Amino acid sequence: MAHQPERPQEYVCEGCHTVIAGTAHGDPPDHSYAPPEECAACGGTEFVEIQNYPSSG
Ligand SMILES: [Zn+2]
């Protein structure tokens, strides 16, 4: 069985739409991701999981 490299959860800043990888907590495969505390680009604190972020509209 090939091990699939896990992709970190990514979040989209609601302020400037920058995509930021979440911070991992715990050890694989049971770890989880949390959004960053603050957007490095605009300082915003509201993030949406990228899979929940509308790709259009
Ligand atoms: Zn931002």
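According to the numbering used here, the sequence shown holds residues 17 to 73 in order. Note that beta-carbon positions come from the ideal geometry of N, C-alpha and C, so glycine has one too. What you are looking at is a predicted structure, and each value in this text was computed from that prediction instead of being measured.
- Shown here for E62: same chain residues with a beta carbon closer than 8 Å to its own, the five before and five after excluded, namely C29, E30 and G31 in chain order.
- Under the DSSP assignment, Y69 falls outside any beta strand (DSSP E); it carries neither an H nor an E label.
- The secondary-structure analysis by DSSP pairs T39 across a beta bridge with A50.
- Partner residues in the beta bridge of E26, as assigned by DSSP, are A37.
- In terms of Cβ geometry, T39 and A50 form a close pair [threshold 7 Å].
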